[in-house]
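Reviewing the structure listed below.
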Amino acid sequence: MGRTMAEKVWDAHVVRRVEGEPDLLYIDVHLVHEVTSPQAFDGLRLAGRTVRRPDLTIATEDHNVPTEPGPITDPVSLTQVNTLRANCAEFGIRLHPMGDVEQGIVHVIGPQLGLSLPGTTIVCGDSHTSTHGAFGALAFGIGTSEVEHVLATQTLSLKPFKTMAIDVEGELGPDVTAKDLVLAVIAQIGTGGGQGYVLEYRGSAIRSLSMESRMTVCNMSIEAGARAGMIAPDETTFAYLQGRPHAPSGEEWDEAVRTWRTLPSDEDVTFDEHVRIDAASLTPFVTWGTNPGQGLPLGGQVPDPASFGDDNQRMAAERALDYMGLTAGTALRDIAVDTVFLGSCTNGRIEDLRAAAAVIKGHHVKDGVRMLVVPGSARVRLQAESEGLDDVFRAAGADWRLAGCSMCLGMNPDQLAPGERSASTSNRNFEGRQGKGGRTHLVSPLVAAATAVRGTLSSPAGLVR
Amino acid sequence: MDAFTTHTGIGVPLRRGNVDTDQIIPAVYLKRVTRTGFEDGLFAAWRGEESFVLNQPAYRAGSVLVAGPDFGTGSSREHAVWALMNYGFRVVISSRFADIFRGNAGKQGMLVALVGQDDVELLWKLLENEPGTEVTVDLVAKTVQAKDVVCRFEIDDYTRWRLLEGLDDIGLTLGHVQDVETFEQARPGWLPVTTPA
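Respectively, the protein sequence lines represent chains A and B. Position one of the first sequence corresponds to residue 309 (our numbering), numbered consecutively onward. Position one of the second sequence corresponds to residue 47 (our numbering), numbered consecutively onward.
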């Protein structure tokens, strides 16, 4: 019987398999950042252990870093960053710190450096590690105890995932992006629908996506409860990777590509679950509630909690409307925002900035609205500046910032004030995610830009000149 | 890790579903570099509400949390487990847990007990009607008992064994280091390294 891509990658990394125990899986690349690693390094020191493969480990500073020039002023953030620096120096791990040209959000720099390769296993103490599955890697987030386990052994003890195929056939309409697609998937299967599964996104709509868009889709897999999402590598993948600093070259490139071509799921394979979505039926999608599954097409209205049959969903909707300060029946397009955030590991790549700039060019951010544009990495920022995108955003009245996680989770000074409402290209609309009492609507970069101009949740229709 | 066999403590009914890790501990509380002291961030936003369950004296010393479905969704932060444990929780009972949260709990010796939603409802009712009621969770027998409410919970055999024995995962794996070395020798040469190209 055939195997899925996830099963092929899994099988190729089994170090030890014993009946009744989890498999011991080898990890090809371990990405590290300042928030989830200090206790892991501390654990190594306490046990007198070393890092087994510093040459398969790489670190960057992203969650705490300020996005305005200057040093970290919060002493607790500074301690965390300094702790990472000391740990990397002590254990011999390469670090891309603030100010380094390769610094950025961990899930933006991995692909950029050519470290995220098809058929590999990639982990990081961060749930959005699912991003790297866009390359056909098996990539997933881990907790700090597992970070310590990987540092010490370069392996993880894991039970196999189930597999779910998400087939998206057809063509996406105008102004409909990868973000809208994945928000629609999450609304359909729910925030718990993917628990225990690896999602494999397939179909003509997925194949036609750029690598940046595929990363957006895989990034949000965790919001459906799945630890990993994958997309089969193809010519688009190879073209993105060739020539990147850590990608193979010469004869090794050819050998790698030969291996990568064997990765896609076999024709005769059976997935444990199967979801089908018609790409042509999708429209710009936004969230109205406090989890990423509470989303609707932008043309819709805030739902009436009474319309939910399930008691838990109804209670969740009631709580969400109360927290979000919304009334059932309000047109989503009538919701006014205070802040627009363009960035994050979901939508902080160059393609996202280009798309938003094309909408906002020649317009101005609405009075009373602030817009933060935070590139996903220093390289993305430099690329955008070389294309003049920074000037487009600045001319429109937006703030052009330095790279980092920023307002996606507000560990740095970029936060919403209580009661403030944002349209955000990030990945989580949880209560307080972007600042205590802050209210988040998840949107695509196109909707973010249009919303900045109009001041209310908007599609870009009629704005692009 | 301390071994876990059985625990008895005050049950806390948390009548909410989809309790994500940003609710368990918001990001601004994640900046410590230790594994302790996170109890101040536990349910930080809700602790400000007078009606929140942990603000009621009868539940304040609780150690068995009974929560709605999809507990621990969202971020991979193990700080969520540390915050619960630093506060004093030893067990979380729910009808559905997020995968990463469940794994993190197992590594720290906090028991995550999976029961049916009907049993959660029975426990909620009992704990709300009789605040301060103790719940006994027996990992050997895989049972939850509070007064006349008795139910079985699910946990995978491997995690149960590790918890009962209080075993350290890294120590277990390092016992198989020979297998790791053998695997490494067979890895293709084109796989990337992070050292300067």
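Glycine residues also receive a C-beta, built at the ideal position from the N, C-alpha and C atoms.
Please classify residue i: is it buried, with 16 or more other beta-carbons within 10 angstroms of its beta-carbon, or exposed?
i, result
"methionine 131(B)", "buried"
"aspartate 165(B)", "buried"
"alanine 355(A)", "exposed"
"alanine 656(A)", "Note that residue 656(A) corresponds to glycine in the displayed sequence, not to alanine. Flag for glycine 656(A) reads buried."
"tryptophan 318(A)", "buried"
"asparagine 390(A)", "exposed"
"histidine 321(A)", "buried"
"asparagine 175(B)", "exposed"
"lysine 487(A)", "buried"
"alanine 639(A)", "exposed"
"leucine 765(A)", "buried"
"tryptophan 207(B)", "exposed"
"serine 109(B)", "buried"
Would you give the residue range spanned by the beta strand (DSSP E) that residue i belongs to?
i, result
"methionine 528(A)", "Neither: methionine 528(A) is in no beta strand (DSSP E) and is coded neither H nor E."
"serine 465(A)", "463–466"
"phenylalanine 593(A)", "593–595"
"aspartate 331(A)", "331–334"
"glutamate 180(B)", "180–184"
"leucine 604(A)", "603–605"
"isoleucine 139(B)", "137–140"
"cysteine 713(A)", "It is not in any beta strand (DSSP E) - cysteine 713(A) carries neither H nor E in the DSSP assignment."
"methionine 538(A)", "536–538"
"glutamine 191(B)", "189–192"
"valine 195(B)", "195–198"
"threonine 748(A)", "747–750"
If you measure between the beta carbons of residue i and residue j, is that distance less than 8 Å?
i, j, result
"aspartate 434(A)", "glycine 422(A)", "no"
"valine 58(B)", "leucine 100(B)", "yes"
"valine 65(B)", "phenylalanine 117(B)", "yes"
"phenylalanine 229(B)", "leucine 157(B)", "no"
"isoleucine 146(B)", "histidine 457(A)", "no"
"methionine 715(A)", "phenylalanine 616(A)", "no"
"lysine 669(A)", "valine 700(A)", "yes"
"glutamine 191(B)", "threonine 182(B)", "yes"
"valine 226(B)", "glutamine 691(A)", "no"
"alanine 757(A)", "proline 768(A)", "yes"
"glycine 684(A)", "isoleucine 413(A)", "yes"
"alanine 314(A)", "glutamate 581(A)", "no"
"alanine 473(A)", "methionine 523(A)", "no"
"threonine 647(A)", "glutamate 728(A)", "yes"
"glycine 597(A)", "methionine 632(A)", "yes"
"serine 529(A)", "serine 424(A)", "no"
"leucine 446(A)", "methionine 519(A)", "no"
"glycine 427(A)", "tryptophan 568(A)", "yes"
"glutamate 124(B)", "threonine 570(A)", "no"
"valine 751(A)", "alanine 725(A)", "no"
"leucine 661(A)", "valine 681(A)", "yes"
"threonine 429(A)", "aspartate 336(A)", "yes"
"glutamate 327(A)", "glutamine 388(A)", "no"
"leucine 339(A)", "isoleucine 366(A)", "yes"
Could you spell out the range, first to last residue, of the alpha helix (DSSP H) harbouring residue i?
i, result
"leucine 209(B)", "203–211"
"phenylalanine 229(B)", "223–231"
"glutamine 163(B)", "163–175"
"glutamine 154(B)", "145–154"
"glycine 351(A)", "346–355"
Residue i versus chain B: which residues are under 9 Å apart at the beta carbon?
i, result
"glutamine 503(A)", "Asp116, Thr119, Arg142, Phe143, Ala144, Asp145"
"alanine 460(A)", "Ile216, Thr219, Leu220"
Show which residues of chain A have a CB atom less than 7 Å away from the CB atom of residue i.
i, result
"valine 158(B)", "Under the 7 Å cutoff, chain A gives no residues; its nearest Cβ is about 13 Å from valine 158(B)."
"tryptophan 236(B)", "Pro556, Glu560, Glu563, Ala564"
"alanine 91(B)", "Glu739, Gly740, Lys744"
Residue i versus chain A: which residues are under 8 Å apart at the beta carbon?
i, result
"glycine 221(B)", "Near glycine 221(B) there are no residues of chain A at all, since even the closest Cβ is about 10 Å away, more than 8 Å."
"valine 18(B)", "Nothing about residue 18(B) can be read from this structure; chain B reaches only from 47 to 243."
"aspartate 225(B)", "Val323, Arg324, Leu332"
"phenylalanine 98(B)", "Simply none; closest approach about 13 Å."
"glutamine 69(B)", "Phe738, Glu739, Gly740"
Anything in chain B within Cβ reach of residue i, meaning under 8 Å, just list it in chain order.
i, result
"methionine 719(A)", "Ala73, Val74, Leu76, Lys77"
Counting only Cβ pairs nearer than 7 Å, list the residues of chain B close to residue i.
i, result
"alanine 314(A)", "Ordered by position in chain B, no residue passes the 7 Å Cβ test against alanine 314(A), which lies about 14 Å from the chain."
"asparagine 620(A)", "Gly63, Gly114, Pro115"
"proline 374(A)", "What proline 374(A) touches in chain B: nothing, since even the nearest Cβ is about 14 Å away."
Give the interface partners of residue i over in chain A, defined as CB-CB distance under 9 Å, in chain order.
i, result
"glutamine 154(B)", "Gly451, Ser453"
"tyrosine 204(B)", "Gly328, Glu329, Pro330, Ser465, Lys467"
With a floor of 3 residues, list each beta strand (DSSP E) that falls wholly inside the stretch 546–590 of chain A, ordered by position along the chain. 581–586
Tell me the start and end of each unbroken beta strand (DSSP E) in the stretch 465–533 of chain A that is at least 3 residues and wholly inside, in chain order. The stretch 465–533 of chain A contains these whole beta strand (DSSP E) runs: 470–477, 505–510.
At what residue ranges does the stretch 426–465 of chain A contain a whole run of the alpha helix (DSSP H), taking only runs of 4 or more? 452–461
For the stretch 617–690 of chain A, which segments carrying the beta strand (DSSP E) assignment without a break, of at least 3 residues, lie completely within its bounds, in sequence order? 647–650, 678–681
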